[in-house]
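Engineer:
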Amino acid sequence: MKVFFSIFFFDNSLRALYCVILEPLQPKVIKVNLLIWRNINTSDLHIEIKNNFVLPLLRVPKCIHIHLPPQHYILAFGGIIAVPLILAEPLCIKDNNIAKSQLISTIFFVSGICTLLQTAVGTRLPILQGGTFSFITPTLAILALPKWQCPAPKESVMLSVQLQNGTSPLQMESSDEIWMSRMREIQGAILVSSLLQIVLGFSGLVGLVLKYIGPLAIAPTINLIGLSLFIEAGKKSGGHWGIAALTVCLILLFSQYLSKVDVPMIAYKDKKWKVFQYPLFKLFSALFGMCGAWLVCFLLTIFDVFPSKSNEYGFSARTDINLNAVTNSPWFRVPYPGQWGLPTVSVSSVLGMMAGVLASTMESIGDYYACARLSGAPPPPTHAINRGIAVEGIGCILAGLWGTGNGTTSYSQNIAALGITKVGSRLVLQTAGILMIVLGIFGKFGAVFITIPDPVIGGMFLVMFGMIAAVGISNLQYVDLNSSRNLLILGFSTFSGLVLPTWFNSNPGIIDTGITELDQVIVVLFTTHMFIGGFFGFILDNTIPGTDKERGIKNWQDKAQDQSKNMCDQSCYDIPFCNGILKRYRSQSGQDIMLSNCSYISFVDIKPHCDARFLQFPPTV
1 MKVFFSIFFF DNSLRALYCV ILEPLQPKVI KVNLLIWRNI NTSDLHIEIK
51 NNFVLPLLRV PKCIHIHLPP QHYILAFGGI IAVPLILAEP LCIKDNNIAK
101 SQLISTIFFV SGICTLLQTA VGTRLPILQG GTFSFITPTL AILALPKWQC
151 PAPKESVMLS VQLQNGTSPL QMESSDEIWM SRMREIQGAI LVSSLLQIVL
201 GFSGLVGLVL KYIGPLAIAP TINLIGLSLF IEAGKKSGGH WGIAALTVCL
251 ILLFSQYLSK VDVPMIAYKD KKWKVFQYPL FKLFSALFGM CGAWLVCFLL
301 TIFDVFPSKS NEYGFSARTD INLNAVTNSP WFRVPYPGQW GLPTVSVSSV
351 LGMMAGVLAS TMESIGDYYA CARLSGAPPP PTHAINRGIA VEGIGCILAG
401 LWGTGNGTTS YSQNIAALGI TKVGSRLVLQ TAGILMIVLG IFGKFGAVFI
451 TIPDPVIGGM FLVMFGMIAA VGISNLQYVD LNSSRNLLIL GFSTFSGLVL
501 PTWFNSNPGI IDTGITELDQ VIVVLFTTHM FIGGFFGFIL DNTIPGTDKE
551 RGIKNWQDKA QDQSKNMCDQ SCYDIPFCNG ILKRYRSQSG QDIMLSNCSY
601 ISFVDIKPHC DARFLQFPPT V
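Residue numbers (the UniProt record's numbering): 1 to 621.
#1: Going residue by residue through the stretch 214 to 290, where are the continuous alpha helix (DSSP H) segments of at least 4 residues, counting only ones entirely within it?
#2: By the three-class DSSP mapping on this structure, what secondary structure does I308 have?
#3: Could you check whether the stretch 79 to 89 touches the stretch 359 to 368, counting it as contact only if at least three pairs of C-beta atoms, one from each stretch, sit closer than 8 Å?
#4: For a quick check, are the C-beta atoms of G537 and I489 less than 8 Å apart?
#5: Count the C-beta pairs between the stretch 427 to 441 and the stretch 106 to 117 that are closer than 8 Å, then say yes if the count reaches three, no if not.
#6: Please tell me whether G352 and P138 are closer than 8 Å, where the distance is taken between their beta carbons.
#7: Taking contact to mean at least 3 C-beta pairs separated by less than 8 Å, is the stretch 89 to 103 in contact with the stretch 479 to 488?
#8: Apart from the five residues on each side of it in sequence, which residues of its chain come closer than 7 Å, Cβ to Cβ, to R182?
#9: Quick check: the stretch 253 to 272 against the stretch 293 to 312, are there 3 or more CB pairs under 8 Å?
#10: Who pairs with S410 in a beta bridge, going by DSSP?
#11: So, at 6 Å on beta carbons, what are the nonlocal neighbours of F4 in its own chain, with the 5 sequence-adjacent residues on each side left out?
#12: Any idea what DSSP makes of Q303, helix, strand or coil?
#13: Let's test the definition: count the other Cβ atoms within 10 Å of the Cβ of residue 622 and tell me whether it reaches 16, buried, or not, exposed.
#14: So the candidates are E517, S228, S348 and P455; which of them puts its Cα closest to the Cα of residue 635?
#15: With burial defined as no fewer than 16 other Cβ atoms inside 10 Å of the residue's Cβ, what is the status of M265: buried or exposed?
#16: Using the beta-carbon count (16 or more within 10 Å), is Q520 buried or exposed?
#17: What is the rounded straight-line gap between the Cα of G497 and the Cα of L208?
#18: From what residue to what residue does the alpha helix (DSSP H) around E89 run?
#19: Just how far apart, CA to CA, sit M464 and E177?
#20: To which residues of the same chain is V524 closer than 8 Å at the C-beta, ignoring the five residues directly before and after it?
#21: Could you check the C-alpha separation between D454 and V428 for me, to the nearest Å?
#22: Near F315, which residues of its chain fall below 6 Å by C-beta distance, leaving aside the five closest residues on each side in sequence?
#23: Where does the unbroken alpha helix (DSSP H) through F135 begin, and where does it stop?
#24: Express the C-alpha separation of P126 and V448 in angstroms, rounding to a whole number.
#25: Got a sec: is the Cβ-Cβ distance from D480 to anything in chain C below 8 Å?
#26: So does the stretch 393 to 410 actually touch the stretch 330 to 337, counting three or more Cβ pairs closer than 8 Å?
#27: Please report the distance separating the alpha-carbon of L216 from that of L358.
#28: Count the other CB atoms within 10 Å of the CB of G509; is the residue buried (16 or more) or exposed (fewer)?
#29: Using only the alpha-carbon positions, how far apart do G214 and S425 sit?
#30: Could you spell out the range, first to last residue, of the alpha helix (DSSP H) harbouring G509?
#31: Alpha carbon to alpha carbon, what distance is there between T123 and L196?
#32: So is E232 buried or exposed if we call it buried at 16+ other beta carbons inside 10 Å?
#33: Could you spell out where the alpha helix (DSSP H) holding V391 opens and where it closes?
#34: I think S493 touches T132, with their Cβ atoms under 8 Å apart; what is that distance to the nearest whole Å?
#35: If you drop the 5 nearest sequence neighbours on each side, which residues of the same chain put their C-beta closer than 7 Å to that of I394?
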C-alpha cells in the first residue's frame with residue numbers, strides 16, 4: 001500500500017504541478033516515472049482562423065511574461081469598476097466615496113479568486129473572470145422597488161455631510177445601514193439564484209437547455225443588456241458632454257484608427273536584446289482613452305475652467321471633487337465574507353436575479369469556444385463547459401458572500417487579447433488573478449478610481465454598452481434575416497423588452513394583487529429588460545414553425561463542428577489528480593467506470609496524441 005501511494009503521489013503530483021501551475025502549451029518532452037515519450041515536432045502545428053491569423057504553439061520568452069498579467073488586468077478594469085459605479089446611486093452611496101472604494105476593492109478581490117478557480121478546476125482555459133452586466137439589470141429592478149427607494153434628498157445630503165466631516169460611531173453606523181441593507185438583499189438574491197447555475201453545470205443540463213435556445217433567443221437578451229443601460233450612460237455623460245465626447249473619440253482613435261500601428265519595444269531573448277513590434281494602442285485603447293480625458297479634466301481643473309459650484313453645468317468634470325476618498329481610505333483592508341452583514345433573501349429578488357444567471361450562462365458558453373480557438377486549444381468538450389458553468393456559479397456564490405453587488409462571468413475583451421499576444425498560457429491569467437487579489441487588499445488603490453470624473457466614465461459607458469448591444473446583434477449572423485418569421489420574433493421581443501419595463505417604471509403601484517410578495521415578483525420580472533426580450537424570443541422561436549436552417553440552429557452547429565475537426569486531444573481540460581485516481585481505481589478493481597457519461601469529469605488515458613503540448617511536463621532530458 002505504501003509503495004502504491006508513493007508511486008501514485010509522485011506521478012500525479014508532477015502532473016498536477018504542471019497542469020495547474022506551469023504553462024500547458026509548450027512543446028517539451030515528458031518524463032514521468034522513468035518513461036520518456038518521443039518529442040513531437042509542433043513547430044508546424046497551428047490553428048488558422050479568420051483573417052489568416054496564425055496561433056503558433058511555441059513558448060513565449062519569459063522576459064515578456066512580466067507585462068502580460070498586468071495587461072489582462074488593465075483590459076478588464078474598465079468593465080469591473082463600471083459595476084460599482086453604476087450601482088452606487090441605487091444603493092444610496094452616490095456621495096459615500098469610502099463605501100464606493102470598498103466595493104471596488106471587493107469586486108477586484110473576488111474576481112481574482114474566481115479567475116484562479118476557473119483556470120485551475122473550471123474550464124481550465126486562460127480566461128479571466130470579473131463582474132457581469134447581466135446581473136445589473138435585475139439588480140436595478142430590485143432596488144427600484146418601493147421599499148428599497150433611497151431616503152429623501154435632504155436626509156441623504158445631511159448624512160453625506162456628516163460622513164465627510166467626521167461623525168460619531170452611531171451616526172456612521174446609521175448612514176452605513178442605509179446602503180448595507182440594500183446590499184444584503186442583492187447578496188441573498190445572488191447567493192440563491194447562483195445555485196441554478198451550479199445545478200445546470202454539474203447536472204449536465206446546460207447541453208439540454210441549449211438545444212432549445214437559439215440565436216433568436218440570445219440576440220434580444222444580450223442586446224437588451226446594453227440598451228437597458230442607456231439611462232446610466234446618459235446620467236454620467238450629461239455632467240459634461242464635451243468631456244464625454246472627448247473620451248469616446250480617444251477610445252475610437254486608439255481602438256480603430258491606430259489599431260494597426262505597432263509600437264517598437266525592447267525585449268531580452270536568446271541572451272541578447274531584440275526589438276519587436278507591439279500593438280500597444282489596440283490592447284490598451286480604453287485605458288489610454290480614459291487616461292487622456294482624465295488628464296484633460298485635471299488640467300482644466302487646475303486652471304479653474306470648470307465651475308466650482310456643484311449646481312452648475314460641468315462641475316462633475318472636476319478631478320478634485322472626490323479626493324477625500326483617497327485620503328480617508330485605509331492603506332490595507334482585506335475584504336471578507338459577510339462584511340456588510342448577513343444576506344437577506346426574498347422570492348422576488350431571487351426570481352429576478354435568475355434572469356441574469358441564465359443570460360450570463362449563455363454568454364459564457366460562447367466565450368469558452370472563442371477562448372479555446374484563440375489559445376490554440378481544441379474546442380471545449382461538454383464536460384469542460386459544464387464544469388466551467390458550475391465554477392462560475394461557485395464564483396457568483398463567493399461574490400454574494402463577499403458582497404460585490406454582482407456576480408462573475410468570463411471577459412470577452414481578455415479573450416481577444418489572447419489572439420493579439422499569441423500567448424494562451426494559464427500561468428499568465430493565474431498571475432493576473434493573484435494581482436487582482438493583491439490590489440483588492442490595497443485600499444487606496446480602489447479609492448483612486450473614485451476620482452475619475454463622471455463624464456469620463458460616461459464616455460466609457462457609451463462605447464462599452466454600445467458594444468454589448470452590438471454583440472447581441474452579432475448572433476443574428478447565423479439566422480435567415482430574409483425570413484418574415486425571424487424578423488417578427490426579433491422585432492417583437494426586442495421592442496417588448498423596451499416597452500414593458502418602461503411602462504411599469506412609469507406606473508409604480510399599478511400591480512396590486514393583494515399579496516405583497518407576488519406583486520414584487522411581477523414587478524421585478526416585468527421591469528427586467530433582458531428577461532422580457534429573452535422570454536418572448538425563446539417562446540416564439542420554439543413555437544412558430546421554422547426549419548433549423550431558418551432559425552440559425554444548423555449554421556450554429558455546423559460552425560462548432562468545423563472547429564472540432566482534426567482536434568483529437570482534449571486532455572488539457574482534465575482536472576489534475578482526478579483522471580489518475582479513476583484510472584488506477586479501474587485497473588485495480590477491474591470495474592469499467594463509464595466516465596464518458598459523467599457530466600463534469602471525462603476520463604482520458606495519459607498518452608501522447610496528435611498534439612502533445614497539453615500533457616507535457618517540462619523536465620530536463
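Even for Gly, the Cβ is constructed at its ideal location relative to N, Cα and C.
Structural biologist: Considering the structure as presented:
#1: Here the runs fully enclosed are 215 to 227, 230 to 237, 241 to 252 and 280 to 283.
#2: In the sequence shown, counting from the first residue as 1, residue 308 sits at position 308. The amino acid at residue 308 is misidentified as Ile; the sequence shows Ser. Coil.
#3: Touching, no.
#4: By 1-based counting over the sequence shown, the position of residue 537 is 537. By 1-based counting over the sequence shown, the position of residue 489 is 489. Yes, the pair counts as a contact, with Cβ atoms nearer than the cut-off.
#5: Result yes; three or more Cβ-Cβ pairs closer than 8 Å.
#6: Mapped onto the sequence shown, residue 352 falls at position 352. Mapped onto the sequence shown, residue 138 falls at position 138. Yes, Cβ-Cβ distance for G352 and P138 is below 8 Å.
#7: no
#8: Along the sequence shown, read from residue 1 onward, the residue named residue 182 stands at position 182. Same-chain partners within the cutoff: L91, C92, L143 and W148.
#9: no
#10: Walking along the sequence shown from the start, residue 410 turns up at place 410. Residue pairing by DSSP places S410 opposite Q129 in a beta bridge.
#11: Your numbering for residue 4 matches position 4 in the sequence shown. Only weak support exists for where F4 lies, its pLDDT of 41 falling under 50; the coordinates are left without a value.
#12: For the purposes of this step, residue 303 is identified with residue 303 of the sequence shown, where counting begins at 1. In the sequence as displayed, the identity of residue 303 is Phe instead of Gln. Three-state DSSP puts F303 in coil, outside helix and strand.
#13: Outside the displayed span of the chain (1 to 621) sits residue 622, for which this structure offers no information.
#14: What is shown of the chain runs 1 to 621, which leaves residue 635 out entirely.
#15: The residue labelled residue 265 in the question sits at position 265 within the sequence shown. Counting Cβ neighbours within 10 Å, M265 comes out exposed, since fewer than 16 surround it.
#16: Walking along the sequence shown from the start, residue 520 turns up at place 520. Classification of Q520: buried, given that the 10 Å Cβ count is 16 or more.
#17: For this step, residue 497 is matched to residue 497 along the sequence shown. For this step, residue 208 is matched to residue 208 along the sequence shown. Going by the C-alpha atoms only, they are around 26 Å apart.
#18: As a first step, residue 89 must be located in the sequence shown, where it is residue number 89. Here E89 belongs to no alpha helix (DSSP H), and DSSP marks it neither H nor E.
#19: Residue mapping note: residue 464 aligns to position 464 of the sequence shown, counting from 1. Residue mapping note: residue 177 aligns to position 177 of the sequence shown, counting from 1. If I take the Cα positions, the gap works out to 32 Å.
#20: Against the sequence shown, residue 524 aligns to sequence position 524. Taken in chain order, the residues that qualify are P138, A141, I142, L145, S348, S349, L351 and G352.
#21: Counting from one through the sequence shown, the residue named residue 454 turns up at place 454. Counting from one through the sequence shown, the residue named residue 428 turns up at place 428. Distance between the alpha carbons of D454 and V428: 32 Å.
#22: Sequence index remark: in the sequence shown, residue 315 carries index 315 (1-based). Cβ neighbours of F315 beyond the five flanking positions: P307.
#23: Along the sequence shown, read from residue 1 onward, the residue named residue 135 stands at position 135. F135 -> no alpha helix (DSSP H), and no H or E assigned at all.
#24: In the sequence shown, residue 448 corresponds to position 448, counting from 1. In the sequence shown, residue 126 corresponds to position 126, counting from 1. For V448 and P126, the gap between their C-alpha atoms comes out near 28 Å.
#25: The structure shown contains no chain C, having only a single protein chain.
#26: Inter-segment contact for the stretch 393 to 410 and the stretch 330 to 337 is present: three or more beta-carbon pairs are separated by less than 8 Å.
#27: For the purposes of this step, residue 216 is taken as the residue at position 216 of the sequence shown. For the purposes of this step, residue 358 is taken as the residue at position 358 of the sequence shown. Those two C-alpha atoms are separated by around 15 Å.
#28: Translated into the one-based positions of the sequence shown, residue 509 becomes position 509. Answer is exposed; the Cβ neighbour count stays below 16.
#29: As a first step, residue 214 must be located in the sequence shown, where it is residue number 214. As a first step, residue 425 must be located in the sequence shown, where it is residue number 425. About 32 Å.
#30: For this step, residue 509 is matched to residue 509 along the sequence shown. Unbroken run through G509: none, as it is neither H nor E.
#31: Against the sequence shown, residue 196 aligns to sequence position 196. Against the sequence shown, residue 123 aligns to sequence position 123. Rounded to the nearest angstrom, the two C-alpha atoms are 18 Å apart.
#32: In the sequence shown, the residue the question calls residue 232 occupies position 232. Buried, because 16 or more other Cβ atoms sit within 10 Å of the Cβ of E232.
#33: Taking the first residue of the sequence shown as 1, we reach residue 391 at position 391. In the DSSP assignment, V391 falls within the alpha helix (DSSP H) that extends over T382 to W402.
#34: Position 493 of the sequence shown, counted from the first residue, corresponds to residue 493. Position 132 of the sequence shown, counted from the first residue, corresponds to residue 132. Rounded, the Cβ-Cβ distance is 21 Å, inconsistent with contact.
#35: On the sequence shown, position 394 is the one that residue 394 refers to. L117 and I198, listed in sequence order.
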